[in-house]
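Residue numbers for the sequence shown follow our numbering, so the first one is 1 and each next one is one higher.
In what follows, a structure is listed as structure tokens, so that the remarks can point back to it.
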Amino acid sequence: MSGEDKFDISRRAVLLGGGALAGAGPGRAATRKETDMQDSPTMMEVSFSVNGEARRLRLDTRTSLLDALREHLQLTGSKKGCDHGQCGACTVLVQGRRINSCLSLAVMHEGDEITTIEGLGQPGELHPMQAAFLHHDGFQCGYCTPGQICSAVAVLAELQAGIPSHVSPSLTEAPTLSEAELRERMSGNICRCGAYSNIMEAMREIAGEPA
1 MSGEDKFDIS RRAVLLGGGA LAGAGPGRAA TRKETDMQDS PTMMEVSFSV NGEARRLRLD
61 TRTSLLDALR EHLQLTGSKK GCDHGQCGAC TVLVQGRRIN SCLSLAVMHE GDEITTIEGL
121 GQPGELHPMQ AAFLHHDGFQ CGYCTPGQIC SAVAVLAELQ AGIPSHVSPS LTEAPTLSEA
181 ELRERMSGNI CRCGAYSNIM EAMREIAGEP A
């Protein structure tokens with residue numbers, strides 16, 4: 001190989017190497033900038049009523065309602081089960097309607113009225129649904145029970161309001177308190193201990209139906 005050929009190879013290598021470094025430099029800088037942005041969360045203030053008490057929090061905008069209740073307000077009755085909205089253990093009432101609090105951002109609830117299991121009743125002053133769950137053994141391990149009770153309260157309110165479900169025979173007539181209706185409406189609340197029949201009995205008692 002001649003000296004000129006060696007020079008050409010060396011020049012080509014230098015040019016290619018320099019181009020690679022030039023291309024990599026901004027990429028690394030952009031990555032560092034993105035990382036810095038991720039490490040600096042956007043904070044926002046949110047005000048809502050929780051169990052009848054006005055609360056104001058400054059939160060990372062990514063904070064779920066469940067984490068706001070548990071980690072910031074120390075209301076640990078609402079449980080974190082799957083954290084994907086599939087088990088219902090985190091069910092709370094917002095404006096009287098049940099939601100999976102793990103799927104909802106806290107900052108979305110400015111001005112809302114939120115009720116957790118602690119707001120339904122306390123030892124010595126139980127909500128009727130809580131008392132019915134005790135009477136009918138509507139639980140075993142108890143982990144899912146707060147969400148089950150909140151959902152059960154909301155289900156009876158839905159039926160009273162005439163809100164249909166997927167199994168309601170008519171969209172224009174009020175749904176009935178049938179086994180199919182109760183099971184369909186409670187299907188989003190999973191009880192791994194299998195206390196479903198007892199939960200149905202508790203709900204029927206509060207609805208004024210024979211168990």
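Quick reminder that beta carbons are idealized off the backbone N, C-alpha and C, glycines included.
Figure out for me which residue from the options has the closest Cα to the Cα of residue i.
{"i": "S151", "options": "M129, Q140, T176 and H136", "result": "M129"}
{"i": "Q86", "options": "E209, N198, M186 and V167", "result": "M186"}
{"i": "G52", "options": "I114, E179 and R58", "result": "I114"}
{"i": "Y143", "options": "I117, G124 and A68", "result": "I117"}
{"i": "S140", "options": "L57, C191, K79 and F48", "result": "Contrary to the premise, residue 140 reads as Gln rather than Ser in this sequence. Residue C191 is the option with its Cα nearest to Q140."}
{"i": "S101", "options": "P164, I199, N189 and N198", "result": "N189"}
{"i": "S108", "options": "S197, R204 and S47", "result": "Sequence check: residue 108 is Met here, not Ser. For M108, the nearest C-alpha among the options comes from S47."}
{"i": "L93", "options": "I163, S197 and V50", "result": "V50"}
{"i": "L59", "options": "A106, K79 and D39", "result": "A106"}
{"i": "M200", "options": "T172, P169, M43 and H136", "result": "H136"}
{"i": "S197", "options": "A132, S40 and P175", "result": "A132"}
{"i": "Q95", "options": "A195, D112 and P164", "result": "D112"}
{"i": "C90", "options": "K80, R97, P41 and H84", "result": "K80"}
{"i": "E45", "options": "R97, E110 and A161", "result": "E110"}
For residue i, count neighbouring C-beta atoms within 10 Å of its own C-beta (all shown protein chains included) and say buried if the count is 16 or more, exposed if not.
{"i": "Q148", "result": "buried"}
{"i": "T63", "result": "buried"}
{"i": "T145", "result": "buried"}
{"i": "E205", "result": "buried"}
{"i": "C82", "result": "exposed"}
{"i": "L134", "result": "exposed"}
{"i": "S104", "result": "buried"}
{"i": "A174", "result": "exposed"}
{"i": "S88", "result": "Note that residue 88 is Gly in the sequence shown, not Ser. With 16 or more Cβ atoms within 10 Å of its Cβ, G88 is classed as buried."}
{"i": "G194", "result": "exposed"}
{"i": "R97", "result": "exposed"}
Below 8 Å on the Cβ atoms is my contact criterion, and I expect residue i with residue j to pass it. Report the Cβ-Cβ distance as a whole number of Å.
{"i": "E181", "j": "L159", "result": "7 Å"}
{"i": "E179", "j": "V167", "result": "That pair is no contact at about 10 Å."}
{"i": "A202", "j": "G138", "result": "4 Å"}
{"i": "L66", "j": "R55", "result": "That pair is no contact at about 15 Å."}
{"i": "T61", "j": "R70", "result": "That belief does not hold up - the Cβ atoms of T61 and R70 are roughly 18 Å apart, past 8 Å."}
{"i": "L120", "j": "V153", "result": "7 Å"}
Run through the DSSP bridge pairs and tell me what residue i is partnered with.
{"i": "M212", "result": "Examination of residue 212 is not possible in this model, given that the chain is present from 1 through 211 alone."}
{"i": "M44", "result": "L59"}
{"i": "S151", "result": "Answer by DSSP bridge pairing: none, since S151 is not bridged."}
{"i": "Q160", "result": "Looking at the DSSP assignment, Q160 forms no beta bridge with any residue, so it has no partner."}
{"i": "Q122", "result": "E125"}
{"i": "S49", "result": "A54 and E113"}
Which full runs of the alpha helix (DSSP H) of 4+ residues lie inside the stretch 169–196, going along the chain? 179–185
Which parts of the stretch 51–116 are runs of the beta strand (DSSP E), unbroken and 3 residues or longer, counting only runs that do not cross its ends? 53–60, 91–94, 97–100 and 113–115
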